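Take a look at the structure below.
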């Protein structure tokens, strides 16, 4: 079936280091959404990308949608402990047009 | 002023029991969802309702039955609970069934079946 994979599964960085998670879909996506889930919390919507090659920034976070609209990335510059959590990408897949979540990347940040 | 609220937050029960989880949203959204998050954090859609009508029904055992009395509520009833049902269940809503609307999630219900 259609899948949305993310790498890495887990990353541990020291505060101040950069972090990137990559999202890859087996099919072309009409849009890609990103969510953050803090430990013990629920997924919270961060951003949506729609156009091929689109880049959006939110403070230290940079989101990119690939030219072929099959991949996306989230880059965090100078991580802080508040960035800890699991980051999910999500895109519409299938004939039922359901939002399929990626496998997630768990980020741990230590001082 | 909670946007998407679900109850209970924790549910511990024995195998074979029947339990329900309730969800309500006050955002005026047309579409509501149930997602299951397993121990590996994978988020999988189970059901989706749009204006009380079932629009997505993934491959979920018949023991799971959603009910939407109105577009602001989507409840989940589970019969004959099994160990493998242990997970966190998230309710969510979106403005419409179009997939360019962000999802707003509830706080989750952690179900533990013993």
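Protein chains in written order, with this note's numbering: chain E, 1 to 111; chain R, 1 to 114. Think of the CB as a built atom: it goes at the ideal place given N, C-alpha and C, for glycine as much as any other residue. Every value quoted in this text rests on a predicted model; they were computed, and no experiment measured them.
List, in chain order, every chain R residue whose beta-carbon is nearer than 8 Å to that of residue 104/E.
41, 42, 43
Decide if the region 53-61 of chain E is in contact with the region 44-57 of chain R; the criterion is three or more beta carbon pairs, one per stretch, under 8 Å apart.
no
Within 8 Å, do at least three Cβ pairs link the region 76-87 of chain E to the region 10-19 of chain E?
yes
Could you tell me the distance, in whole angstroms, from the CA atom of residue 14/E to the CA atom of residue 49/R?
43 Å
Using a cut-off of 8 Å between C-beta atoms, extract the partners of residue 102/R located in chain E.
Those are 33, 45, 48, listed as they occur along chain E.
Check the DSSP bridge columns for residue 43/E and list the partner residues they point to.
Paired residues: none, contrary to the question.
So what does residue 9/R bridge to, in DSSP terms?
Looking at the DSSP assignment, residue 9/R forms no beta bridge with any residue, so it has no partner.
Going by C-alpha distance, which of 40/R, 75/R, 79/R is nearest residue 25/R?
75/R
Counting only C-beta atoms, is residue 51/E closer than 8 Å to chain R at any point?
For residue 51/E, the answer is no, since every Cβ of chain R falls outside 8 Å of its Cβ.
From the DSSP output, in three-state form, read off residue 28/R for me.
coil
DSSP state of residue 109/R, grouped into three classes?
strand
Out of curiosity, what's the CA-to-CA distance linking residue 87/R and residue 104/R?
Between the alpha carbons of residue 87/R and residue 104/R lies a gap of roughly 19 Å.
Tell me, which residues are paired with residue 17/R by DSSP?
Answer by DSSP bridge pairing: none, since residue 17/R is not bridged.
Check whether chain R comes within 8 Å of residue 65/E, counting only Cβ atoms and requiring the distance to be less than that.
no
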